[in-house]
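Each remark here refers to the structure printed beneath this line.
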Amino acid sequence: MVIQSKQQIREQQMLALKDFLGNPDAATVMDRLYQSLFSDPDFKQANTVGVTLSMAGEVSTAPIIAAVQSTHRQVVVPRTLPHRQMEFVRLDDRTNLKATKFGTREPVGGHVVAKSAIDVLIVPGLAFTRDHYRIGFGGGYYDRFLTGFTGCSIALATPPQIFDQPNWQIEPFDQQIDKIIF
Numbered sequence: 003m004v005i006q007s008k009q010q011i012r013e014q015q016m017l018a019l020k021d022f023l024g025n026p027d028a029a030t031v032m033d034r035l036y037q038s039l040f041s042d043p044d045f046k047q048a049n050t051v052g053v054t055l056s057m058a059g060e061v062s063t064a065p066i067i068a069a070v071q072s073t074h075r076q077v078v079v080p081r082t083l084p085h086r087q088m089e090f091v092r093l094d095d096r097t098n099l100k101a102t103k104f105g106t107r108e109p110v111g112g113h114v115v116a117k118s119a120i121d122v123l124i125v126p127g128l129a130f131t132r133d134h135y136r137i138g139f140g141g142g143y144y145d146r147f148l149t150g151f152t153g154c155s156i157a158l159a160t161p162p163q164i165f166d167q168p169n170w171q172i173e174p175f176d177q178q179i180d181k182i183i184f
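Here this note's numbering is used: the first residue of the sequence shown is 3, the next is one more, and so on.
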């Protein structure tokens, strides 16, 4: 097996994910992934769910946010901080959002929720292994946040995002995800 750099994998996976999401069958696959998440015991019992605000070309988090809010549970979304750290802020109809230099949206102001209060964290990524490693979008924000996280981390992975084994170098700081739904 050829080991590739994480950046090479990111570039390949962005194209593969974009191609997959443009496929007419993608909606059926995504519906199955969402339903699997919604029936997961940890997700069902979670009072507070952390999730990103997805962008075009990514797995949409809008159905997840809607499902959590429809059951009157709390949604929290990330806000980046200096030194590649992040915190999570409550998302509701009063939350003001701004675009970041990366093109993502994040809250301005709002109520910060402690890491220990997040029951389930939906972790984004571009590539996932069956032994629960991932490649994110770069920067290590989630690897840092997952250090010491005591809730359940869950990722949704489309078929092109799943690898039987990594063809990239696993680093000591890479954090495993508790569950990958694929």
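Cβ coordinates follow ideal geometry from the N, Cα and C atoms, glycine included.
Other residues of its chain near G153: CB distance less than 7 angstroms, five sequence neighbours each side excluded: Within the sequence shown, the letter at position 151 stands for residue 153. So the qualifying residues of the chain are I120, D121, V122, L123.
Cβ shell of N98 (< 8 angstroms), same chain only, five flanking positions each side left out: For this step, residue 98 is matched to residue 96 along the sequence shown. Only P109, V110, G111, G112 meet the Cβ criterion.
C-beta atoms of T102 and Q76 nearer than 7 angstroms: Counting from 1 along the sequence shown, the entry for residue 102 is found at position 100. Counting from 1 along the sequence shown, the entry for residue 76 is found at position 74. Not closer than 7 angstroms, so no.
Whether A18 touches P162 by CB criterion (7 angstroms): Here residue 18 refers to the residue found at position 16 of the sequence shown. Here residue 162 refers to the residue found at position 160 of the sequence shown. Yes; because the gap between Cβ atoms is below 7 angstroms, this pair is in contact.
Which listed residue (P43, R12, D44) has its alpha carbon closest to that of E60: On the sequence shown, position 58 is the one that residue 60 refers to. It is R12 whose Cα lies nearest to the Cα of E60.
contact_flag[the region 25 to 38, the region 167 to 181] where n(CB pairs < 8 angstroms) is 3 or more: no
Simplified DSSP state of V31, which is helix, strand or coil: The residue given as residue 31 occupies position 29 in the sequence shown. Reduced to three states, the DSSP call for V31 is helix.
Residues that DSSP places opposite S155 in a beta bridge: For the purposes of this step, residue 155 is taken as the residue at position 153 of the sequence shown. S155 is bridged to L123.
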